[in-house]
Amino acid sequence: MITGIKKKNKLTEIWFDETGSAVNIRTYSTDLKNRLTAYAAKYPAHCRLTDDDECGCLTFEIDRRRFSVRLTAPYSEDRRSKAKETMTAVNQRRQNDNFKKPL
C-alpha cells in the first residue's frame, strides 16, 4: 500500500501499563497486521481491531493475558555451522532429485 509515509516512520508501538487488562498494538507491519487480524477473527473475546487510519496503520486491543514477548538467544558458531551443513545437504538432495526425472 502506498501511503506517502517513509518506511523509517512506519513504527510498531505496543502500549500497556501494569494495572490495565489490555495491550494496545499500533502497527504498519503487514505480517503483524495479518496475524493480529486472523487472531481477532478467531478469538474476538481476546482481541479486536480498534482503529484503521486508512494510511496502512491498524490498532488492536488484546487481552493482556494473551500477550507475550519472546526473546531468543543468538546461535552459537557451532550450532550455526551444523545448521548450514544440514541445509546444504538437504538442498543438494533436492537438486539431485529434481534432475532424476523418469522417462
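One gets the working numbering by counting positions in the sequence shown from 1 and adding 1274 to each. C-beta atoms are modelled at their ideal positions from N, C-alpha and C, and glycine is treated no differently.
Nearest-angstrom Cα separation, counted from residue j out to residue i
i: Ser1342; j: Lys1307; result: 16 Å
i: Pro1348; j: Thr1360; result: 19 Å
i: Arg1354; j: Leu1345; result: 18 Å
i: Cys1321; j: Thr1301; result: 15 Å
Residues near residue i in its chain [Cβ-Cβ closer than 6 Å; skip 5 each side]
i: Ser1303; result: Thr1286
Buried versus exposed call for residue i [16 or more other C-beta atoms within 10 Å across all chains shown]
i: Cys1329; result: exposed
i: Leu1310; result: buried
i: Val1297; result: buried
i: Ile1336; result: buried
Segment limits, beta strand (DSSP E) that includes residue i
i: Ile1336; result: 1332-1337
Close-in-space but distant-in-sequence residues of the same chain around residue i (CB under 7 Å, 5 per side omitted)
i: Asp1305; result: none
Nonlocal neighbours in the same chain, by C-beta distance under 8 Å from residue i, ignoring five residues either side
i: Lys1251; result: Nothing about residue 1251 can be read from this structure; the chain reaches only from 1275 to 1377.
Any alpha helix (DSSP H) of 4 or more consecutive residues that is wholly inside the region 1290-1329: 1304-1316
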